[in-house]
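Going by our numbering, the first residue of the sequence shown is number 22, and it counts up by one from there.
Inspection log for the structure reproduced underneath, given as structure tokens.
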Amino acid sequence: MSRDVSDRRNELLEALTVAGREHSNAAVMYHSAMGDRLGLGMTEEKTLDLLQRLGPLTAGEIAQHTGLAPATVSGLIDRLEGKWLVRRVRDTKDRRRVIVEINFERLAGFSELFEPFVVALSQLYERYTDDELELILDWLNRSAAIQREATQGLNEE
22 MSRDVSDRRN
32 ELLEALTVAG
42 REHSNAAVMY
52 HSAMGDRLGL
62 GMTEEKTLDL
72 LQRLGPLTAG
82 EIAQHTGLAP
92 ATVSGLIDRL
102 EGKWLVRRVR
112 DTKDRRRVIV
122 EINFERLAGF
132 SELFEPFVVA
142 LSQLYERYTD
152 DELELILDWL
162 NRSAAIQREA
172 TQGLNEE
């Protein structure tokens, strides 16, 4: 039995490709504009987001979560530290380990800039059932993992 792809599926796959690219472009442009407002590069801004969500991390953990090369992460931390947005601290349990933590006093007011976007997304979520939200969440998690792997692949070449 032939497993030919239907015209409908081809149309959907093409539409997903276009929508994915549009979504990616919109995200990059939003974070570029936000970075400009905050005086940060996109990678700096997204690393702060990572630290806010996950808490203090080592440079290696930041590299793992972002897919960035270790040398890139070192420079990134240096830039954020130079802007007083993060600090390197010794791990209290293992003094050989250095952890990067956010300087929350310096970030005061940053979250207010994100508020309109967060509210708009919350309103969008209201349109979907719990089952649909589960499906969307699954897709987002899986596509983010694929993108991190692709980032690591680019950094390994």
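We put the CB at the ideal spot given by N, CA and C, even for glycine.
Owing to the predicted nature of the structure, the values given are computational and were not obtained by experimental measurement.
Flag this pair as yes or no: are the beta carbons of residue i and residue j separated by less than 8 Å?
i	j	result
L142	N124	no
G88	R169	yes
F138	L59	no
E66	M55	yes
S154	Y146	Looking at the sequence itself, residue 154 is Leu, so the reference to Ser does not match. Yes; because the gap between Cβ atoms is below 8 Å, this pair is in contact.
L71	H86	yes
Below 8 Å on the Cβ atoms is my contact criterion, and I expect residue i with residue j to pass it. Report the Cβ-Cβ distance as a whole number of Å.
i	j	result
P91	E122	That belief does not hold up - the Cβ atoms of P91 and E122 are roughly 19 Å apart, past 8 Å.
I98	V110	At roughly 12 Å, the Cβ-Cβ gap does not stay under 8 Å, so I98 and V110 are not in contact.
What three-state label does DSSP hand residue i in the structure shown?
i	result
V26	coil
K104	coil
L34	helix
L72	helix
Y51	helix
E147	coil
L175	helix
L61	coil
Of the choices the options, whose alpha-carbon is the least far from that of residue i?
i	options	result
L134	E126, Y51, L89	Y51
E102	V140, A80, R118, T87	A80
K104	L128, D115, L89	L128
W160	G41, R116, R30	G41
V49	M63, T113, V140, L69	M63
The ligand MN and residue i: does the residue's C-beta get closer than 7 Å to at least one heavy atom of that ligand?
i	result
G130	This structure simply doesn't include the ligand MN, nor any ligand for that matter.
At what residue ranges does the stretch 74-142 contain a whole run of the alpha helix (DSSP H), taking only runs of 4 or more?
80-87, 91-103
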